[in-house]
Structures are given as C-alpha cells and as structure tokens.
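**Student:** One structure is given below, represented as structure tokens, and several questions about it will come after.
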Ligand SMILES: [Zn+2]
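Residue numbers (UniProt numbering): 1 to 349.
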C-alpha cells in the first residue's frame with residue numbers, strides 16, 4: 001500500500017495523523033507529525049519494511065516535507081511497530097531520537113547485538129507448557145523482528161517522566177505508563193486536554209499486557225495501577241498509537257479495568273479444579289487456531305501468563321513447579337525447561 005488519502009488525516013493545529021501500514025491484524029500504527037516553528041517532530045514512525053520505507057517517501061513528498069525537515073523523532077515505547085523505523089529515519093534526517101531510559105534498555109535487550117532474548121523467551125514459554133513442535137517457530141518469529149527494527153538509532157536523548165518536553169509548540173507534561181511496555185511515555189497537554197498516549201489507552205482494542213522474561217515481573221498489576229494513576233487527568237482528546245483519536249478517556253480506562261477483572265475471573269473458571277499450564281489455559285481461552293499464527297500466539301500466551309501472575313499476587317491461584325519425574329522425565333540437567341502449572345487455592349474459610 002502506497003500512501004493514499006486514507007493514510008493521512010489533518011488534525012487541529014496542523015498536526016498530521018499518518019496511518020503507517022503493519023503486516024499484522026492491527027493493520028496500522030499511528031505516527032503523528034507535529035509542525036514546529038521550523039520543520040516537524042515525528043512521533044512513532046512504525047515498523048521498518050520495504051513497504052513502509054516507500055510509504056514514508058510518498059507521505060513526505062505528498063505533504064511537501066523534506067527529510068531534513070524532520071527535526072526530532074519521539075518514541076512512546078520500544079515495541080517494533082513504533083520503534084522499528086527510528087534508526088532508519090535518523091539516517092535519512094539526522095534527527096535525534098527521544099525515548100525513555102527503560103525503552104532504550106528494552107530495545108538493547110531485544111534488538112541489540114548478541115541478543116539472547118529470543119532464546120530466553122522460547123525457553124520461558126516452554127516452561128509454561130508451549131507445545132514442543134512450536135519451539136522453532138517461536139524462536140524464529142522473535143529473530144525475524146531484527147531486520148524490521150534495524151538499524152538501532154545511533155544518537156538518542158533520554159526523556160524523563162515528571163519533566164516538561166516541548167514539541168509541536170506545546171509544553172507537554174511527561175508521564176510514564178507501565179504494563180504494556182516498561183517506561184511507556186505519555187505526553188499530556190494540560191492546557192488543551194490533549195493526550196498522546198501510544199498504546200497505554202487504546203479505543204476498541206485492549207492493549208496487550210504480556211509477561212516477558214527479564215521484564216516487568218507483574219505487568220498486569222503494573223498496568224492496573226498505571227491506569228488508576230492516569231484516570232484523574234482531564235483529557236478532552238486521546239491520540240492513540242492504533243485506531244483513531246477519541247474523546248471518551250475516562251470511560252475507556254474504566255472499560256479496560258473492567259475487561260481485565262472479567263478476564264481474571266474467566267481465567268480462574270477455566271482453571272477449575274485442575275492443574276494447568278499457561279499454554280493449556282491460553283488454548284482454552286483463545287482456542288487452538290493460534291497455533292497457525294505465531295505472532296498472535298506469542299501475544300496470547302504472554303497475556304495469559306500476565307493474568308496468572310496477577311492471580312498469584314492476589315493469592316487466588318498457586319504456581320506448581322513440577323519436578324523432573326512428574327514432568328515425564330524432563331530434566332533440567334539436560335537443559336530442558338521445568339514445567340510450571342497453576343492450581344486454584346481453595347479457601348478453608
Ligand atoms: Zn506497543
């Protein structure tokens with residue numbers, strides 16, 4: 001898809017919402033271009049593919065924006081569909097890349113030289129019951145992201161939550177959201193009630209809250225706390241990372257909070273009186289068709305584990321780590337994962 005009339009929406013104050021195509025079911029990620037006194041600030045450029053490179057060339061020429069007119073590249077978080085083109089854009093424009101320290105750390109861990117994350121994640125998923133035959137797909141799926149997030153930006157500037165950042169001729173208060181991605185930046189313009197929030201609050205879809213090895217130990221707990229902290233902000237218009245800008249800010253946060261409470265109840269019901277692995281519960285919750293879509297399976301399994309960890313935190317379920325014999329001869333000495341299962345805690349009261 002080359003840039004067309006549906007790709008770009010003119011917003012107030014000369015802002016541009018650019019729908020950058022994604023090869024996933026999400027369809028597109030929103031980049032925002034904010035005009036400066038001289039040039040533009042670009043927020044979340046998208047995933048790097050041949051298609052998006054051509055797409056951006058077409059968007060900028062249609063808008064009569066030169067590469068050199070991009071003066072700053074701002075990232076809400078490190079996920080590949082937002083961060084992926086940052087380094088490539090820096091090469092074209094010479095602009096600095098602004099992001100949080102946690103996002104930079106995460107990007108280095110996931111996409112840096114000598115990364116071991118794809119192996120760590122695959123091993124962790126095997127511990128959570130991932131079917132053996134899916135092992136190689138999962139490993140390759142994670143490694144497959146590397147070229148879509150390359151090159152890494154060479155020159156970065158760290159943005160600190162609690163400080164003010166000027167872009168688009170506005171002084172933005174910087175907030176940090178947790179749960180979806182560590183150190184997820186949120187920009188709030190108190191005067192106008194505008195919120196640039198990346199994936200922290202999305203319309204229609206629930207932001208993925210997934211557990212990953214080496215990341216937030218309880219991402220769903222962090223997400224619920226983060227939403228409660230963000231709830232009091234007076235917001236008139238939300239500019240999200242996916243779908244379109246929307247005004248129902250507090251209503252949407254309430255819906256997301258309720259969605260996760262319902263999901264936690266459902267997870268407990270699916271567990272029933274059995275001992276089950278996260279992978280079993282994932283297939284009970286989302287169905288076995290995910291086996292044909294490694295990308296969606298990764299999201300679903302990481303999300304299931306995040307819910308199980310939160311239920312553990314609430315002391316409603318307990319983790320059972322199977323020893324070598326009961327795990328059917330799976331032995332740690334062979335470097336094989338130790339299976340983790342969950343069971344409900346039956347209250348005696
Ligand atoms: Zn994201």
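Every residue gets a Cβ at the ideal spot worked out from N, C-alpha and C, and that includes glycine.
Which stretch, first to last residue, makes up the beta strand (DSSP E) that contains residue 96?
**Tutor:** Per DSSP, residue 96 belongs to the beta strand (DSSP E) from 96-99.
**Student:** Hey, is residue 240 close to ligand 1, as in C-beta under 8 Å from one of its heavy atoms?
**Tutor:** Residue 240 Cβ: outside cutoff for every heavy atom of ligand 1.
**Student:** State the CB to CB distance for the pair residue 177 and residue 241, rounded to an integer number of angstroms; the pair is presumed to be in contact (CB under 8 Å).
**Tutor:** Going by Cβ atoms, the distance from residue 177 to residue 241 rounds to 11 Å, so no, they are not a contact pair.
**Student:** Buried or exposed for residue 238, going by 16 or more other Cβ atoms inside 10 Å?
**Tutor:** Buried is the call here.
**Student:** Quick check: the Cα distance between residue 296 and residue 287, rounded to an integer number of angstroms?
**Tutor:** If I take the Cα positions, the gap works out to 11 Å.
**Student:** Does residue 245 come out as helix, strand or coil in the three-state DSSP assignment?
**Tutor:** The answer is coil: DSSP assigns residue 245 none of H, G, I, E or B.
**Student:** Using the beta-carbon count (16 or more within 10 Å), is residue 13 buried or exposed?
**Tutor:** So residue 13 counts as exposed.
**Student:** Would you identify the three-state DSSP class for residue 41, choosing helix, strand or coil?
**Tutor:** Residue state, collapsed to three classes: strand.
**Student:** For ligand 1, which residues have a Cβ under 5 Å from at least one heavy atom, in chain order?
**Tutor:** Residues with a Cβ closer than 5 Å to any heavy atom of ligand 1, in chain order: 79, 199.
**Student:** Taking the beta carbon of residue 325 as the centre, do at least 16 other beta carbons fall within 10 Å, making it buried, or is it exposed?
**Tutor:** Because the pLDDT of residue 325 is 48, which lies under 50, any placement of that residue in the model is unreliable, and the question is left without a value.
**Student:** Would you check if the distance between the CB atom of residue 146 and the CB atom of residue 119 is smaller than 9 Å?
**Tutor:** In this structure, residue 119 does not lie closer than 9 Å to residue 146 by Cβ.
**Student:** On the three-state DSSP scale, how would you describe residue 200?
**Tutor:** Coil, per DSSP.
**Student:** Taking residue 310 as part of the alpha helix (DSSP H), name the residues at either end of that continuous run.
**Tutor:** Looking at the DSSP string, the run of the alpha helix (DSSP H) that includes residue 310 is 294-313.
**Student:** Which complete beta strand (DSSP E) runs does the segment 164-202 hold, if anything under 3 residues is left out?
**Tutor:** Whole beta strand (DSSP E) segments, 3+ residues: 164-167, 170-177, 184-189, 194-198.
**Student:** Express the C-alpha separation of residue 318 and residue 206 in angstroms, rounding to a whole number.
**Tutor:** In a straight line, the C-alpha of residue 206 is about 26 Å away from that of residue 318.
**Student:** Just to check my reading of the structure: residue 89 and residue 45 have Cβ atoms closer than 8 Å, yes? What is that Cβ distance to the nearest angstrom?
**Tutor:** Their Cβ separation, rounded to whole angstroms, is 5 Å, which keeps residue 89 and residue 45 in contact under 8 Å.
**Student:** Apart from the five residues on each side of it in sequence, which residues of its chain come closer than 8 Å, Cβ to Cβ, to residue 109?
**Tutor:** Same-chain partners within the cutoff: 115, 117, 214.
**Student:** By how many angstroms is the C-alpha of residue 230 removed from the C-alpha of residue 174?
**Tutor:** Taking the straight line joining both Cα atoms gives about 12 Å.
**Student:** Reducing DSSP to helix, strand and coil, say where residue 28 ends up.
**Tutor:** Looking at residue 28 - three-state DSSP - the assignment turns out to be strand.
**Student:** Taking all protein chains shown into account, decide if residue 169 is buried (16 or more other Cβ within 10 angstroms of its Cβ) or exposed.
**Tutor:** It is exposed - the Cβ of residue 169 has fewer than 16 other Cβ atoms within 10 Å.
**Student:** Closest to residue 43 by C-alpha separation, out of 255, 97, 7, 93, would be which residue?
**Tutor:** Nearest of 255, 97, 7, 93 to residue 43, Cα basis: 97.
**Student:** Check this for me: beta carbons of residue 47 and residue 84, under 9 Å apart or not?
**Tutor:** Cβ atoms of residue 47 and residue 84: closer than 9 Å.
**Student:** Entirely within the segment 92-161 and at least 3 residues each: give me those beta strand (DSSP E) ranges in chain order.
**Tutor:** Listed in chain order, they are 96-99, 156-158.
**Student:** Pull the bridge partners of residue 9 from the DSSP assignment, please.
**Tutor:** Looking at the DSSP assignment, residue 9 forms a beta bridge with 17.
**Student:** So is residue 247 buried or exposed if we call it buried at 16+ other beta carbons inside 10 Å?
**Tutor:** Exposed, because fewer than 16 other Cβ atoms sit within 10 Å of the Cβ of residue 247.
**Student:** Express the C-alpha separation of residue 166 and residue 37 in angstroms, rounding to a whole number.
**Tutor:** Using only the alpha carbons, I get a separation of about 12 Å.
**Student:** Return the CA-CA distance between residue 311 and residue 225, expressed in angstroms with no decimal places.
**Tutor:** C-alpha separation (whole angstroms): 15 Å.
**Student:** If you draw a straight line from the C-alpha of residue 63 to the C-alpha of residue 73, how long is it?
**Tutor:** Rounded to the nearest angstrom, the two C-alpha atoms are 18 Å apart.
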